[in-house]
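Here is the structure we will look at, set down as structure tokens.
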Amino acid sequence: MVNSGPGRPKEFCSQRCRQWDWVSRQRATELALSENELVMTRDELDKLKDQIYVLHCALQDVRTDLASPRQTKETLQEMLGWLMDAAEPIASASLTPAIRP
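For the sequence shown, this note's numbering gives the first residue as 7, with consecutive numbering after it.
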């Protein structure tokens with residue numbers, strides 16, 4: 007964070023971020039989690055695994071297609087589109103805590 011004046015540098019961008027950090031540290035202590043452990047729901051894990059599988063399949067398809075001789079501009083565009091469509095859900099995935107009541 008950028009220091010906006012005298013005193014110690016700002017560690018969090020907002021009070022909300024500071025609060026989330028405190029809540030997550032408290033919950034990690036309650037669950038006896040180490041610094042390197044993560045908690046996520048089964049649905050979130052399954053969704054991430056599915057997205058990775060789709061990307062893996064797209065990569066395999068493109069590798070296979072590129073092995074054939076002389077690709078046209080159109081087929082290369084299709085391959086790139088397929089890869090981008092498969093990668094987008096992973097690239098836009100959010101790893102921020104969900105707000106729960």
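Using N, Cα and C, we set each Cβ at its ideal position, and we do this for glycine too.
DSSP state of residue i mapped onto helix, strand, coil
i: C63; result: helix
i: Q83; result: helix
i: P75; result: coil
i: A99; result: coil
i: E17; result: coil
Contact test: residue i Cβ vs the ligand COA heavy atom, cutoff 7 Å
i: M85; result: Among the components of this structure there are no ligands whatsoever, and the ligand COA is therefore not found.
Residue environment, residue i, which counts as buried when at least 16 other CB atoms sit within 10 Å
i: A92; result: buried
i: P107; result: The pLDDT assigned to P107 is 41, lower than 50, so where the model puts this residue is not dependable; a value taken from the coordinates is nonetheless given after this. Its Cβ having fewer than 16 others within 10 Å, P107 is exposed.
Nearest candidate by alpha-carbon position, reference residue i, set the options
i: V68; options: I58, Y59 and L82; result: L82
Fully enclosed by the region 22-67, which beta strand (DSSP E) runs are 3 residues long or longer? None, since the region 22-67 contains no complete beta strand (DSSP E) of that length.
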